[in-house]
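Working notes, beginning with the structure itself.
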Amino acid sequence: MNRKFAPFVATVTALVMVSAAGCSGSDDDPSGGTTGGTVELTYWSWAPNMDKVAAAWNAANPDIQVTVNKQDGGDQAVTKLLTAIKAGSGAPDIMQAEYQKIPTLVSADAIADIAKEVGSLKDTFPESAWNGVTLGSEAVYGVPQDSGPLLFYYRADVFDRLKITPPKTWDEYAEAARRIRRANPKQYLGTFSATDPGWFAGLAQQAGASWWGVNGQSWTVAIDDEATRKVAGYWGGLVQEGVIDNKPMYTPEWNAALNDGTQVGWVSAVWGPGVLEGNAKDTVGKWKVAPLPQWDAAKPATGNWGGSATSVTTQSKHKKQAAKFIAWLNSDPAALKLLVSDVNVYPSAKEATSTALTSPPAFFANQPDFYQIAEEASKIANPFTYGPNVNVTYSAYSDAFAKAAESRNAAAFTAALSTMQKTTVDDMRNVGFTVTG
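Quick note on our numbering: the sequence shown kicks off at 2 and runs consecutively.
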């Protein structure tokens, strides 16, 4: 498949036929069974205890048995799958795929369009999650599994002592950061992390950015756009002013700061409680969560940091059965409960809050409405389309913003975006994609 046209499988008839050809001749009979008896499916996943969830399916579905093979996540998972696809054998039937990796897998004709099998599930998920598996097209390249809506975590004891209310806007966040620094020069409300491009992408998403897009038979790239420049300028201004820190997250120093109270706030995703429990155990009972501060309080929105889908590979000989399993996995109430209790993820399905997320995380036992706040956030996440070279873009972010953060110069933050834009576009064109706009 010509790589510069591959992203448009959903909109170019010829490419739809190519994608379908990858599955034709090996699909199952219309009844959903096969003439060979029990269907054996393999599922590559990096999520812990996914085999326990599959066991529940296997017990109830003797004709379709799923074996989970634990894999590494991230780029390693993608590389392994693409190697198997290129070799023509060795790929699983089902693959856990991060939303940001889906365009790469589509471009390589590694995952199948299963719109016919699971398209009716669209309203089961928030718009942003569904967009993550469709790339804004009519095709469906997986079923959303988990998502990471951004929230604001804060030390309630510090806020109460200083009589600060959780900020509803980013202007209020900046003012809260200033008040905290004035009250205790050792404390910060947050940090700008140049090593977490997914975090920054989620903040840009909240502001209305979508860094990639499909335009006819070409890609568009809009990293250096007005929305993202607003975000970069805002955080650069806070770093330059000295009211938030400029050190990376997930370092021993950052972990210690969470635990000793020198970091008293954190813009993070719904999975944040697990990080806090692991890194700041001495502060249990002192944290609370609030919606992400807004650019426009009258038009609330958020972004996502992380999340994945479950896809059917183009090498699977049992597309219908694989699609049936992943539909159950990510929408059935019993499966959602297992995803929460055993796998410890935040399911994308809207129904998860009422059926599976009925108690707050242990670290937030003092906030019974934790998942209600998260649910509202998931509903208002803006759509965001990833591109085929996210790894290149994220690497450019880490390089450019590391220099900007070190300089503590607001202008360097916005200038870093032009570097990301150029690096991304140049790379796409070098490997054969058509980029316009």
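Built from N, CA and C at the ideal position, the CB exists for glycine as well. Please read these numbers as outputs of a predicted model, since none were measured by experiment.
Figure out for me which residue from 218, 383, 356, 288 has the closest Cα to the Cα of residue 437.
218
By how many angstroms is the C-alpha of residue 78 removed from the C-alpha of residue 94?
14 Å
Is the CB-CB distance between residue 146 and residue 379 below 9 Å?
no
Return helix, strand or coil for residue 26, following the three-state DSSP convention.
Reliability of the predicted coordinates at residue 26 is poor, the pLDDT of 35 falling under 50, and no value is obtained from them.
Whose CA, out of 73, 366, 39, lies closest to the CA of residue 48?
73
If you count every other CB in all the chains shown that lies within 10 Å of the CB of residue 142, and 16 or more means buried, which is it?
buried
Can you tell which of 178, 414, 110, 302 has its C-alpha closest to the C-alpha of residue 191?
The candidate whose alpha carbon is nearest that of residue 191 is 178.
From this set, 399, 69, 324, 286, which residue's C-alpha is nearest residue 112's C-alpha?
324
Mind the definition here: the region 382 to 396 touches the region 354 to 372 only if three or more C-beta pairs lie below 8 Å; say whether that holds.
Judged by Cβ distances under 8 Å, the region 382 to 396 makes no contact with the region 354 to 372, as fewer than three pairs qualify.
Taking the straight line between their C-alpha atoms, what separation do you get for residue 314 and residue 347?
CA-to-CA, the gap between residue 314 and residue 347 works out to about 24 Å.
Classify residue 213 as helix, strand or coil using the three-state DSSP reduction.
strand
What does residue 71 pair with, by DSSP beta-bridge criteria?
46
Exposed or buried, which one is residue 432 when buried takes at least 16 other CB atoms within 10 Å?
exposed
Can you give me the start and stop residues for the alpha helix (DSSP H) that residue 207 sits inside?
198 to 207
Can you list the beta strand (DSSP E) stretches of 3 or more residues lying completely in the region 213 to 238, in chain order?
213 to 216, 219 to 222
Just curious, the beta strand (DSSP E) that residue 151 is in, first and last residue?
144 to 156
Quick test of the definition: if touching needs 3 or more C-beta pairs under 8 Å, does the region 180 to 197 touch the region 247 to 257?
The region 180 to 197, when compared against the region 247 to 257, does touch it at the 8 Å Cβ threshold.
Residues bridged to residue 429 by DSSP?
Beta-bridge pairing links residue 429 to no other residue.
Express the C-alpha separation of residue 233 and residue 414 in angstroms, rounding to a whole number.
6 Å
Taking all protein chains shown into account, do 16 or more other C-beta atoms lie within 10 angstroms of the C-beta of residue 430, making it buried, or fewer, making it exposed?
exposed
Within its chain, find whatever has a CB closer than 7 Å to the CB of residue 287; leave out the 5 residues flanking it on each side and keep chain order.
156, 157, 158
Can you tell which of 109, 126, 90, 297 has the C-alpha that lies nearest to the C-alpha of residue 376?
126
Could you tell me whether the region 416 to 430 touches the region 223 to 242, where touching means 3 or more Cβ pairs closer than 8 Å?
yes
Select from 52, 300, 360, 317 the residue whose C-alpha is nearest the C-alpha of residue 114.
317
Under the three-state reduction of DSSP, which class applies to residue 307: helix, strand or coil?
strand
How far does the alpha helix (DSSP H) with residue 51 in it extend, from its first residue to its last?
51 to 61
Output the distance between the C-alpha atoms of residue 332 and residue 116, rounded to the nearest integer angstrom.
Just so you know, the alpha carbons of residue 332 and residue 116 end up roughly 16 Å apart.
From residue 34 to residue 108, what does the alpha carbon distance come to, in whole angstroms?
Reliability fails at residue 34, whose pLDDT of 43 lies under 50, so the model's placement of it is uncertain and the value that follows must be treated cautiously. So the alpha carbons of these two residues sit roughly 30 Å apart.
Helix, strand or coil, according to DSSP, for residue 189 in the structure here?
strand
Are the region 290 to 301 and the region 81 to 96 touching by the rule of at least three beta carbon pairs closer than 8 Å?
With the cut-off at 8 Å, the region 290 to 301 and the region 81 to 96 do not touch.
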